[in-house]
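Notes follow the structure.
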Amino acid sequence: MTSNDATQPVGTALRIAPAFVATATGQFPGIETTIEAHYNPARGRYIPTTIVNRAISDDFDEDRLKRTATQAILQAAIPHCVSVLLDDTPGAEWTTIADLTATEGRIIPPWLAEAVVKRGVKDERWEVIEILYSSAALADSPPAQLIALELDIPERTAVDWIQKARAAGWLTGITSNIGRPVSG
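With the UniProt record's numbering, the residue at position 111 of the sequence shown is 111, and numbering never jumps.
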């Protein structure tokens with residue numbers, strides 16, 4: 001996936017790929033898992049529509065073949081399917097969230113995380129909240145937990161910021177049913 005594949009606007013600052021196919025090998029030795037997922041606007045997230053597990057070597061664990069761990073594959077694939085425009089100057093280019101990743105397993109570079117937790121930073125904070133919230137919600141993971149982890153803040157602060165971002169008009173069309181309910 002590239003940022004060119006992200007053609008569907010979501011929220012105020014994001015575009016996503018309408019669908020994707022992700023294949024994982026190595027999650028379990030000798031087993032390959034392929035997932036096809038489509039974005040469902042009514043649910044505000046990607047919905048797996050096809051899951052295929054297959055043995056790719058003779059020494060596979062047949063019990064593992066019966067169990068599919070789709071969540072980890074979705075979480076790894078989603079950052080490649082979501083693009084953001086970080087600069088509003090003419091000719092600025094979209095970039096995938098995966099391209100922003102500075103450290104293994106992180107979505108937001110540490111310098112950006114430090115910048116948005118400072119007092120007085122509002123629109124930049126809400127944009128980062130939207131990126132992180134969307135990444136989690138689209139993968140059907142708990143957004144408040146991801147935001148707390150990425151920004152090194154308490155989870156209750158993450159929940160508060162989610163509510164404030166939504167009230168400020170961010171997070172439009174993005175919902176999550178995981179974790180604490182977010183009113184607003």
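Glycine included, each C-beta is placed from N, C-alpha and C at the ideal position.
Asparagine 40 and isoleucine 47 have their C-alpha atoms spaced approximately 7 Å apart.
The continuous stretches of beta strand (DSSP E) do not include threonine 172, and DSSP gives it neither H nor E. With respect to the C-alpha of isoleucine 16, the residue from Ala139, Thr49, Lys122 and Glu114 having the closest C-alpha is Ala139. Counting along the chain, no beta strand (DSSP E) covers serine 3, and no H or E run does either. Non-local C-beta neighbours of glutamine 8 in its own chain, meaning closer than 7 Å and more than five positions away in sequence, comprise Arg15, Ile16, Pro18 and Tyr39, ordered along the chain.
Counting C-beta pairs closer than 8 Å gives three or more between the stretch 152-168 and the stretch 117-137, which meets the contact rule. Boundaries of the alpha helix (DSSP H) around alanine 137: 123-138. By DSSP's assignment, glutamate 32 forms a beta bridge with Thr25 and Arg54. In the structure shown, valine 116 falls within a helical segment according to DSSP collapsed to helix, strand and coil. Between the alpha carbons of glutamine 145 and serine 135 lies a gap of roughly 12 Å.
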